[in-house]
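Read the structure below first, then the notes.
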Amino acid sequence: MRAVIQRVTEASCTVEGQVTGSIENGLLVLVGIEEEDGQQDIEWLSQKLTNLRIFSDGQGLMNKSIQDINGNILFISQFTLFAQTKKGNRPSFIRAAKPSKAEPMYLEMAKRLSELLNKEVQLGIFGADMKIDLRNDGPVTIIMNTKDKDNY
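Going by the numbering used here, the letters in the sequence shown line up with residues 4 to 155, in that order.
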């Protein structure tokens with residue numbers, strides 16, 4: 004799994020003019036799932052996201068997690084995180100998991116994040132053309148890859 008995590012003061016997802024998820028103060032998480040991903044990737048990334056200390060403490064240092072601030076998550080599936088651009092000018096998405104695998108994993112991870120936060124995680128709609136609005140706080144943007152934990 005690959006994830007792009009953005010600390011936000013607000014974020015929302017709109018599909019066909021309808022807001023599907025909206026948060027204040029928390030994380031916008033874009034997640035890509037590949038065929039080799041499994042339950043261990045969901046657990047590792049979920050734990051990392053809910054314990055990652057990227058929110059400011061009283062001294063302005065990044066010492067607080069989303070749990071510490073009672074923050075929210077807007078969780079969006081984004082297969083394009085597995086774009087391969089080595090050849091030509093048109094990206095290939097061959098490494099991204101097929102929807103039949105990716106959608107259940109996306110929903111399972113959303114459920115796990117909700118359990119860890121003790122609140123509902125806001126969602127986009129899997130496979131839809133989504134419009135994401137956000138106000139990045141900092142800006143703070145972090146990339147994670149469950150297949151390369153040492154470098155992310």
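Note that the Cβ used here is the ideal one computed from N, Cα and C, for glycine as well.
{"query": "L55, DSSP secondary structure in three states", "result": "coil"}
{"query": "C-beta contact flag for L119 and I69 at 7 Å", "result": "no"}
{"query": "A131 in three-state terms, based on DSSP", "result": "coil"}
{"query": "Contact between the region 38-49 and the region 19-26 (3+ Cβ pairs under 8 Å)", "result": "no"}
{"query": "Whole-angstrom distance between S15 and W22, CA atom to CA atom", "result": "Looking at the sequence shown, residue 22 is not Trp but Val. Going from the Cα of V22 to the Cα of S15 covers about 7 Å."}
{"query": "CB of I36 within 7 Å of CB of M147, strictly", "result": "no"}
{"query": "Local Cβ density within 10 Å of L64, reported as buried at 16 or more and exposed below that", "result": "exposed"}
{"query": "I69 (DSSP reduced to helix, strand or coil)", "result": "coil"}
{"query": "Sequence-distant residues of its chain with Cβ nearer than 6 Å to I57 (five each side left out)", "result": "R10, M65, V143"}
{"query": "Inter-residue spacing [alpha-carbon to alpha-carbon] between G130 and M4", "result": "17 Å"}
{"query": "Cross-strand partners of I79 (DSSP beta bridge)", "result": "L33"}
{"query": "As assigned by DSSP and simplified to three states, the class of P142", "result": "strand"}
{"query": "Nearest residue (CA-CA) to T83, options V124, D132, A99", "result": "A99"}
{"query": "M147 - partner residues in DSSP beta bridges", "result": "A6"}
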